[in-house]
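Engineer:
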Amino acid sequence: MGEPLLSIDDLHVKFSRSEDEVFAVNGVSFSIEANEALGIVGESGSGKSVTLMSSIGLLRENGKITSGTANFQGRNLLKLRPKQLEDIRGRDIGVVFQDPMTSLNPIMRIGDQIMEAMLTHQYASRKEAFDRTLQLLQEMGIPDPKSRFKSYPHEFSGGMRQRIMIAIALACEPQLLIADEPTTALDVTVQMQILALLQELRRKRGMSVVMVTHDFGLATNFCDKIIVMYGGQIMEKATTDQFIREAAHPYSLGLKRSIIEVGHKGKEILPIPKTAKTLTAVLTGCPFAERCSYTTERCHQEVPRLRVFGTDHEIACHHAEEVACHVR
Amino acid sequence: MSAKPLLRVENVSKTFRVQGKKLHAIENVSFTLEAGKTLGLVGESGSGKSTLGRMVLRLLESDKGKIYFDGADLSKLSKVKLRALRRDMQIIFQDPKASLSPRMTVGDAIEDAMAIHKLGTKASRRERMTELLEKVGLPAEIQYAYPHELSGGQLQRVGIARALSLNPKLIICDEPVSALDVSIQVQVIQLLRDLQKEFNLTYIFISHNLAVVEYLSDDIAVLYLGEVVEQAPAEELFKTPTHPYTQVLLDSILRVPESPEQKQEMVYIQGEVPSPLNPPSGCTFHPRCPYATDICRSAKPLQRTVAECHVAACHRVEETQNLLMVNAN
Amino acid sequence: MASTVTATQSPDTAVSKQRRRSQLYQGWKRFKRHRLAVIGLVWVVIFVLAGIIGPWVAPYDYRTGDFLAINQGPTWKHIFGTDNVGHDMFSQILYSIRSALIIAIGATLVSFIIGIILGLWAGLRGGLADVIIMRAVDFMMTLPGFLFALILVIMLGRGYLSLILAIGIPGWAGYARLIRSLVLSMRDGEMVEAARALGASQAHIARRYMLPNVVGSMGVALAFGIPGDLIQIAGLSIFGMGLRPPIPSFGSMIAQASENILGFPWLLYFPAGIFAITLLSFLFVADGLQEAFSPKGGN
């Protein structure tokens, strides 16, 4: 496999608020290989988006990366100047957000916006960029690309806008696509269309995808690898197949159990008790300890480190073995 | 089945004017709902499901059709009578924060609901408010909090407590869990289910999430561009989805596989959701339908009974059902 | 059964009874963080106090001059000096504060009340009333308010009441527009829809739901209104259209002093300086209020 495409190591991110600090990401490490789809799953406040966005320089004003590295093609992204990052984003790394309306320019024709992505990165000449834009629109399943080229974002539906966002992200044929809840705001049938599209593009171009989502169903069906985050830490990391077969972190299991799926009618579903807390102090134990039914003294006193649990499978839990026995 | 229905909706329609064009938000929708039961309304954005919920409460006036609630014709009620009747029919919103006043403590918000209907004394209302908070699983001291101090799940519980404070018969739940985290969704849904049992509540449960709707509903109506395309008891609908749109919806659900072999393929669905301002001719689903023929493009399909209590508005019901059988075998 | 669905509150949302008054308290905490606003508030308080008790503590009457001390610089007897007829400038300023405050607050209230009525009417009624009122707002906004006030003073005279009306009447448009937009954003919002669903009457919705949510913004608008009107009063006085002499005012003092700026500069320094500091203080306070109570500043 050689060098991973992107490898993030021991990332820590902090947000300062008026009265306190929030420890959003607390030592996250993972890597992604070429032609791989990685899903980062977690609930709101788990640090899943912050992890990804901070590594490509899209951190909110009040956030600060306190340590860590993010190596992409031999360069540490966290050390680059904003200008250099802008060069990489859009050219080598495509980014898609949850709400396309906030990142599309409302007063610019969508064709021009796609072309601009290529022109600013000197990826193509004007003529080539124009042809490629039409081709991209076609690939995205947007009917009649020539006339749609001249349309403005508000003339499209939510699903169409998301496709345009993806077209912009893919314009320079990046090796890596970073997508933050790309289909959350969309209807299920439209979600299916977009995912099918991404799957197809991945096969054709060998592109890697990192997708942040709260949806286990999406992650397990679309991605090759899964990372489950909670309290700014990775709780479990595995290939999807391993994860489906033998997920063993109490949080992953709790989440899987608490999803209501078709066919669950009449079944008693056991939700994870309580709600997640915002971390305003350095962790001294497992962030999930309060909500976990396997908690012992040790969980409150010692932060569990991510450790190898099986082939292609890592878990951060003091009691993973016990939990695994319990489940099987 | 012999019981008199609590709610009867007959051929209601609603048209909005948008940019000088007519938008048929709801067209010719009918259903009945018995006390203690739950009707699920499923549909994607633009299907009119929230509009329909608001029409049932007469928060929006229908253009055509009749709605009978507890025997009374809603459209004939005067404003004053309608306000009094609101005690019996309540709504829970998708965004509980937006539905509460940011300048009112949540305790006051619940109490105000009772004060509007002059229920009890101030002291007895406060007492009942505290009871209700406990009932929905919130600690009593939360009554002094303002909405911005609470989480989405807590706020939704407050919204439920406020609705319950009036002892309603019918509660319309408009996407009550869509904005919540997965683990909180289940908590709220189970709360709704338990409350229904305890108080014999009748629900209209509106959601785009089929699994959640199935979990709570007795009957399900699938809406597409303002029309009911299929309606059936929940189990029946999931066992024999007959309208092609229902089938597409079901196929689009991504489930967590139980084994790696069960991983789903991403299937490309043709066509895009049409704008409700400019709906397709004939059957509004025909541009996205794999079974569409000429008749689908020209004539609007009527609702046809495909089994007991199971209707579908499709010209090609026989074919879709046959295919289903073939797939099952 | 209920045990499976019990949500326990997390510590940051556990709310104690003592925090009942938290909205005001939180606002005050946010206000305090704005240092300039706090300094401004101190000055505004001193200024208002001076306006209230000024006539009693003023060492000299504003009408009588000391002919033995004409155009004097600051001395212990006349700490801000005297003018060309021997008026004690310190006393003159104390009296001016009172008149300026009365007119500014009065005028702001007049604008505000007209604005609230028309804004509510436009926002709640909609339709033709809305169109007409909003056209009127546009019209008023294009007029130079000062000129309008000047004309009104000429028509109404130069008493307290006429000045209040002259400055107040042209100022309603801004308030009307603000109220209308606040009302509109709420009228179709989910909060009002929820209240309707509860069975609340229009009056109840306006009183319990809409009003508490606009007072913050209205207070801020009022706070911004007062310094604006202070400037107008001074402007009118400079043009000789303020209160009739011998009632002193900042405007007339400044106008007189600037004729003689080289000879007796203290006559300008004190009134103009105090006036400028006061304006700034009011603006800082308004700014602080905005930060503390504007709807966006929730959390």
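Protein chains in written order, with the numbering used here: chain G, 37 to 364; chain U, 1104 to 1432; chain W, 17 to 315.
No residue lacks a Cβ here, since even glycine has one placed at the ideal position from N, Cα and C.
1) Within the continuous beta strand (DSSP E) that includes G/Tyr-266, where are the two ends?
2) Just checking: is the beta-carbon of W/Met-234 within a distance shorter than 8 Å of some beta-carbon in chain U?
3) Reducing DSSP to helix, strand and coil, say where G/Cys-335 ends up.
4) Should G/Phe-252 go down as buried or exposed, given a rule of 16 or more other Cβ atoms within 10 Å for buried?
5) In this structure, does DSSP put G/His-362 in helix, strand or coil?
6) Does chain U have any CB closer than 8 Å to the CB of G/Ile-34?
7) Is the number of C-beta pairs between the stretch 97-107 of chain G and the stretch 175-192 of chain G that are closer than 8 Å three or more?
8) Report the neighbours of W/Ser-217 on chain U: residues whose CB is nearer than 9 Å to its CB, in chain order.
9) Give the interface partners of G/Asp-277 over in chain U, defined as CB-CB distance under 8 Å, in chain order.
10) Check the C-beta distance from U/Glu-1375 over to G/Gly-195 and give it rounded, since I have them as a contact under 8 Å.
11) When the Cα of U/Leu-1058 is compared with those of U/Leu-1328, U/Ala-1264, U/Asp-1321, which residue comes out closest?
12) Going residue by residue through the stretch 225-265 of chain G, where are the continuous alpha helix (DSSP H) segments of at least 4 residues, counting only ones entirely within it?
13) Based on the DSSP secondary-structure assignment, which residues constitute the bridge partners of W/Gln-88?
14) With a threshold of 8 Å between beta-carbons, can U/Ala-1314 be considered close to chain G, or not?
15) Pairing CB atoms from the stretch 177-191 of chain W with CB atoms from the stretch 1157-1167 of chain U, are three or more of them under 8 Å?
16) Measuring CB to CB, does G/Leu-41 end up less than 8 Å from G/Ile-76?
17) Is the Cβ of W/Glu-307 closer than 8 Å to any Cβ of chain U?
18) Listed from N- to C-terminal order along the chain, which residues in the stretch 1118-1132 of chain U have their beta-carbon within a distance smaller than 8 Å of any beta-carbon of chain W?
19) Below 8 Å between beta carbons: does that hold for U/Val-1420 and U/Arg-1407?
20) Please confirm if U/Ile-1292 has its CB atom under 8 Å from at least one CB of chain G.
21) In the DSSP output, what is G/Asn-112 paired with across the bridge?
22) On the three-state DSSP scale, how would you describe U/Gln-1193?
23) Just how far apart, CA to CA, sit W/Pro-287 and W/Met-157?
24) Mind listing the chain U neighbours of G/Ser-329? Cutoff is C-beta to C-beta under 8 Å, in chain order.
25) For the ligand FMN, any of its heavy atoms closer than 7 Å to the Cβ of G/Arg-241?
26) Around the C-beta of U/Gln-1365, are 16 or more other C-beta atoms found within 10 angstroms, so that it is buried, or is it exposed?
27) Using 8 Å as the Cβ pair cut-off and three pairs as the minimum, do the stretch 212-221 of chain G and the stretch 148-161 of chain G touch?
28) Kindly list the residues whose CB is nearer than 6 Å to the CB of G/Phe-279, restricted to its own chain and excluding five residues on each side of it in sequence; keep chain order.
29) Closest to U/Pro-1250 by C-alpha separation, out of U/Ser-1204, U/Asn-1381, U/Val-1351, U/Val-1289, would be which residue?
30) Check whether chain G comes within 8 Å of U/Gln-1367, counting only Cβ atoms and requiring the distance to be less than that.
31) Got a sec? Which residues, its chain only, sit under 6 Å from W/Ser-297 by beta carbon, not counting five neighbours each side?
32) Check whether the Cβ of U/Pro-1205 lies closer than 8 Å to any Cβ atom in chain W.
33) Starting from the C-beta of W/Thr-24, find all residues in its chain whose C-beta is less than 8 Å away, skip the five residues before and the five after it, and write them out in chain order.
34) Under the three-state reduction of DSSP, which class applies to W/Met-17: helix, strand or coil?
35) Using DSSP bridges, identify the partner residues of G/Asp-216.
36) Could you check where the beta strand (DSSP E) with U/Pro-1336 kicks off and where it finishes?
Structural biologist: According to the structure shown:
1) Counting along the chain, the beta strand (DSSP E) containing G/Tyr-266 begins and ends at 261-266.
2) no
3) helix
4) With 16 or more other Cβ atoms within 10 Å, it is buried.
5) helix
6) Residue 34 of chain G is absent from the model: chain G starts at 37 and stops at 364.
7) Fewer than three pairs of CB atoms, one per stretch, sit closer than 8 Å, so the stretch 97-107 of chain G makes no contact with the stretch 175-192 of chain G.
8) Lys-1182, Val-1183, Arg-1186, Ile-1219
9) Ordered by position in chain U, the residues that pass the 8 Å Cβ test against G/Asp-277 are Pro-1363.
10) Indeed, because the Cβ distance is near 7 Å, the residues count as touching under 8 Å.
11) With chain U covering 1104 to 1432 only, the question about residue 1058 of chain U has no answer from this structure.
12) Segments of the alpha helix (DSSP H) lying fully in the stretch 225-265 of chain G: 252-258.
13) Looking at the DSSP output, W/Gln-88 sits in no beta bridge, so it has no partner there.
14) yes
15) no
16) No. Outside cutoff.
17) no
18) none
19) yes
20) yes
21) G/Asn-107
22) U/Gln-1193 carries a strand assignment under DSSP once its states are collapsed to helix, strand and coil.
23) 31 Å
24) Near G/Ser-329 there are no residues of chain U at all, since even the closest Cβ is about 14 Å away, more than 8 Å.
25) In the structure shown, the ligand FMN is absent, as is every other ligand, since no ligand is present at all.
26) Exposed.
27) no
28) Ile-262
29) Ranking U/Ser-1204, U/Asn-1381, U/Val-1351, U/Val-1289 by Cα distance to U/Pro-1250 puts U/Ser-1204 first.
30) yes
31) Exclusion of the five residues before and after W/Ser-297 leaves Gly-56, Trp-59, Val-60 as the residues of its chain whose Cβ lies within less than 6 Å of its Cβ.
32) A Cβ of chain W is located within less than 8 Å of the beta carbon of U/Pro-1205.
33) For W/Thr-24, the predicted structure reports a pLDDT of 41, less than 50, and the residue's modelled location is therefore unreliable. The matter cannot be settled from this model.
34) Reliability fails at W/Met-17, whose pLDDT of 35 lies under 50, so the model's placement of it is uncertain and the value that follows must be treated cautiously. The answer is coil: DSSP assigns W/Met-17 none of H, G, I, E or B.
35) As computed with DSSP, G/Asp-216 is found in a beta bridge with G/Val-248.
36) Per DSSP, the unbroken beta strand (DSSP E) holding U/Pro-1336 starts and ends at 1330-1336.
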